[in-house]
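Sequences listed follow chains A and B, in order.
Residue numbers for the first sequence follow the working numbering, so the first one is 15 and each next one is one higher.
Residue numbers for the second sequence follow the working numbering, so the first one is 15 and each next one is one higher.
There are 2 protein chains.
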Amino acid sequence: MADIYLALIHYPVYDKGHKVVTTSITNMDIHDIARSALTYGVKRYFVVTPVRTLQALAEKILDHWQHGYGSVYNETRKDALALVTLADTLNNTIQAIQQETGERPRLVATSARDGDRRVSFTQMQRRIAEEGPPLLFLLGTGWGLTEEVLEQVDDILEPIRGVGTYNHLSVRSAAAILLDRLRGAR
Amino acid sequence: MADIYLALIHYPVYDKGHKVVTTSITNMDIHDIARSALTYGVKRYFVVTPVRTLQALAEKILDHWQHGYGSVYNETRKDALALVTLADTLNNTIQAIQQETGERPRLVATSARDGDRRVSFTQMQRRIAEEGPPLLFLLGTGWGLTEEVLEQVDDILEPIRGVGTYNHLSVRSAAAILLDRLRGAR
Numbered sequence: 015m016a017d018i019y020l021a022l023i024h025y026p027v028y029d030k031g032h033k034v035v036t037t038s039i040t041n042m043d044i045h046d047i048a049r050s051a052l053t054y055g056v057k058r059y060f061v062v063t064p065v066r067t068l069q070a071l072a073e074k075i076l077d078h079w080q081h082g083y084g085s086v087y088n089e090t091r092k093d094a095l096a097l098v099t100l101a102d103t104l105n106n107t108i109q110a111i112q113q114e115t116g117e118r119p120r121l122v123a124t125s126a127r128d129g130d131r132r133v134s135f136t137q138m139q140r141r142i143a144e145e146g147p148p149l150l151f152l153l154g155t156g157w158g159l160t161e162e163v164l165e166q167v168d169d170i171l172e173p174i175r176g177v178g179t180y181n182h183l184s185v186r187s188a189a190a191i192l193l194d195r196l197r198g199a200r
Numbered sequence: 015m016a017d018i019y020l021a022l023i024h025y026p027v028y029d030k031g032h033k034v035v036t037t038s039i040t041n042m043d044i045h046d047i048a049r050s051a052l053t054y055g056v057k058r059y060f061v062v063t064p065v066r067t068l069q070a071l072a073e074k075i076l077d078h079w080q081h082g083y084g085s086v087y088n089e090t091r092k093d094a095l096a097l098v099t100l101a102d103t104l105n106n107t108i109q110a111i112q113q114e115t116g117e118r119p120r121l122v123a124t125s126a127r128d129g130d131r132r133v134s135f136t137q138m139q140r141r142i143a144e145e146g147p148p149l150l151f152l153l154g155t156g157w158g159l160t161e162e163v164l165e166q167v168d169d170i171l172e173p174i175r176g177v178g179t180y181n182h183l184s185v186r187s188a189a190a191i192l193l194d195r196l197r198g199a200r
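This is the structure in structure tokens:
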């Protein structure tokens, strides 16, 4: 079984007008995705931003739940947030996983859009079931990962489809569905 | 195909100490679950609270995205929030669906806990595929729906299982996974 890592990318991502921007860190992204990550056996959840003040904000949130009042008030939250690691860049994230596992992770982008070389969820499930390098799934904030990131990855996962054409899930919901499709017991 | 409705219950639910409480409405619960609801063809998403000031808060949020600046800034959000209806109580929610469809909905509770008479996701998928009364899925906030509510429903859906014993998904993530399991195309 291949190890699964997640990274929530705050830069580089598109904004609504297709401009490359850095998005803000939000409290709910950290909490919700950490809880989903622990539910589905993710090894580590990287929150990636180059902005120091936003990293400091994230550290404050993590410290509250890891060591502050939150750690006593809600232990289940403490357990989930223990999976969160802050990183400056995608490259640093890759290096951290390489240090932890001795292997370069295979990069898998997620996207709400159709396009070339999309890998199906079934194919990805099969790859996870095999022995292989760790898999790092990239989640874009804002209006999604830039072309520059997509060109750098090994695979792009097919979009999550519901019943119609609406494809505007929150990144928190998309992360939950992604993990359930790849790892859920049913 | 049976119609699907969702209700996010803010009262009566348990708090951490198993006391029956009313939880607060949060902006993110409204947005994230509305976006998942539209993705998966839910007919209407009820936000249920007896507290007038919290209803007024929710109305302000909805108005911003339906008619205010948000409706111009982000149309996809407007479309999702059009599914949201405020209700005082579960009974009012049931009546609203009865008025809309001419049928009393079948009530399905969701729970993170195992217990008696749990219905599997596969069984529920089959029921949705059949012609039948509308199905109203109840999502609890806080530490979940009270026993009083569970005694009132027709079915309780089995808990969402990941790879271990941790069962503390956010209600936003649980709603997304629930809908994907019942209605997702793959």
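Idealized CB from N, CA, C, for every residue including glycine.
This structure is a prediction, so every number in the text was calculated from the model and none was measured.
Assigned exposure category for residue i - 16 Cβ within 10 Å defines buried
i	result
aspartate 77/A	exposed
histidine 32/A	exposed
tyrosine 59/A	buried
alanine 101/B	buried
serine 125/A	buried
valine 122/B	buried
threonine 136/B	exposed
threonine 67/A	exposed
serine 50/A	buried
tyrosine 19/A	buried
arginine 91/B	buried
alanine 70/A	exposed
alanine 189/A	buried
valine 86/A	exposed
aspartate 46/A	buried
methionine 138/B	buried
alanine 21/B	buried
serine 184/A	buried
glycine 198/A	buried
valine 34/A	exposed
glycine 3/A	Examination of residue 3/A is not possible in this model, given that chain A is present from 15 through 200 alone.
Span separating the alpha-carbon of residue i from that of residue j
i	j	result
threonine 107/A	alanine 72/B	39 Å
glutamate 144/A	tyrosine 28/A	34 Å
glycine 178/A	glutamine 113/A	42 Å
leucine 164/B	leucine 171/B	11 Å
proline 148/A	threonine 115/A	8 Å
phenylalanine 151/B	aspartate 194/B	14 Å
histidine 81/A	alanine 96/A	11 Å
alanine 5/A	alanine 94/A	The structure shown does not extend to residue 5/A, since chain A is modelled only from 15 through 200, so no value can be given for it.
histidine 24/B	proline 119/A	42 Å
tyrosine 83/B	aspartate 17/A	44 Å
isoleucine 142/A	aspartate 43/B	31 Å
glutamate 117/B	isoleucine 191/B	27 Å
valine 61/B	asparagine 41/A	22 Å
valine 127/A	tyrosine 54/A	Note on residue identity: the sequence assigns arginine, not valine, to residue 127/A. Approximately 24 Å between the Cα atoms of the pair.
serine 187/A	arginine 186/B	7 Å
valine 133/A	aspartate 169/A	7 Å
serine 38/B	aspartate 130/A	44 Å
lysine 30/B	isoleucine 174/B	20 Å
leucine 153/B	proline 26/A	35 Å
threonine 63/A	valine 167/B	45 Å
leucine 104/B	asparagine 88/B	31 Å
lysine 57/A	alanine 110/A	12 Å
threonine 160/A	leucine 52/A	27 Å
leucine 196/A	leucine 196/B	16 Å
Per-residue DSSP class, three states only, for residue i
i	result
alanine 70/B	helix
tyrosine 59/B	strand
alanine 110/B	helix
threonine 90/A	helix
leucine 183/B	coil
leucine 97/B	coil
isoleucine 174/B	coil
tyrosine 28/B	strand
isoleucine 39/A	coil
tyrosine 83/B	helix
alanine 221/B	Residue coverage of chain B in this structure runs from 15 to 200, which leaves residue 221/B outside it and unanswerable.
alanine 51/B	helix
histidine 16/A	Looking at the sequence shown, residue 16/A is not histidine but alanine. Correct three-state label for alanine 16/A: coil.
aspartate 46/B	helix
aspartate 102/A	coil
aspartate 169/A	strand
is_contact[residue i, chain E] using C-beta, thresh 7 Å
i	result
alanine 126/B	Of the protein chains in the structure, A and B, none is chain E.
Quick one: which residues of the stretch 84-102 of chain A get their C-beta closer than 9 Å to a C-beta of chain B? List them in chain order.
Tyr87, Asn88, Thr90, Arg91, Asp93, Ala94
Ordered list of beta strand (DSSP E) runs contained in the stretch 112-162 of chain A, each at least 3 residues
120-123, 149-154
Short-range partners of chain A found in the stretch 47-76 of chain B, where Cβ spacing is below 7 Å
Arg49, Ser50, Leu52, Thr53, Tyr54, Gly55
For the stretch 150-182 of chain B, which residues have a beta carbon sitting closer than 8 Å to at least one beta carbon of chain A?
Ile174, Arg175, Gly176, Val177, Gly178, Tyr180, Asn181, His182
Closer than 9 Å, Cβ to Cβ, to anything on chain B: give me those residues from the stretch 187-200 of chain A, in chain order.
Ser187, Ala188, Ala189, Ala190, Ile191, Leu193, Asp194, Arg195, Arg197, Gly198, Ala199, Arg200
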